[in-house]
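Written out below as structure tokens is the structure these notes cover.
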Amino acid sequence: MTPEEAAAEEAAALATVEAELGSCGTWSSWTNTGATTCDSMTTCGYYWACEASAKGDDAGSVAGGGSENLIPVCPPGESPVRRYNLGKSLQQSSYRVCFNEAGTYTHTEYQYQYVAGTCGC
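Quick note on the working numbering: the sequence shown kicks off at 32 and runs consecutively.
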């Protein structure tokens, strides 16, 4: 099956399921799941580092760091790169319950999001 055929089959199945639904309730409020991630966050400030141009986004190529306001003078073959400081994000979930036209429960839908928590990990 080609990717296009698979996508068409999935779209048809989804349309059938949606047609069978009578309604879904409203989404619940967001609640923390307890899961967290630690990654660079634009809201946590940044620093400058020198990186070899050919290595792309390879963190191992960082030669040194500088402050937010001081762009470093890099050795030949390297360029200054802005690196965002690490921060912790919190996962949240929300759900809603769905019923068919007869009012019988059919399924529960879930959605997830990550929200900024704190700077540092």
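The beta-carbon is built from N, C-alpha and C at its ideal position, and this holds for glycine as well.
All values reported here derive from a predicted model rather than from experimental measurement.
- Distances from the alpha-carbon of TYR143 to those of GLU132, GLY134 and ARG127 put ARG127 closest.
- With respect to the 8 Å criterion, SER124 and GLY108 are not classified as neighbours on the basis of their beta carbons.
- With 16 or more neighbouring CB atoms inside 10 Å of its own CB, MET72 falls in the buried class.
- Note on geometry: alpha-carbon atoms of THR67 and THR135 lie some 36 Å from one another.
- Cβ-Cβ separation between CYS69 and CYS150: approximately 11 Å, too far for a contact (criterion under 8 Å).
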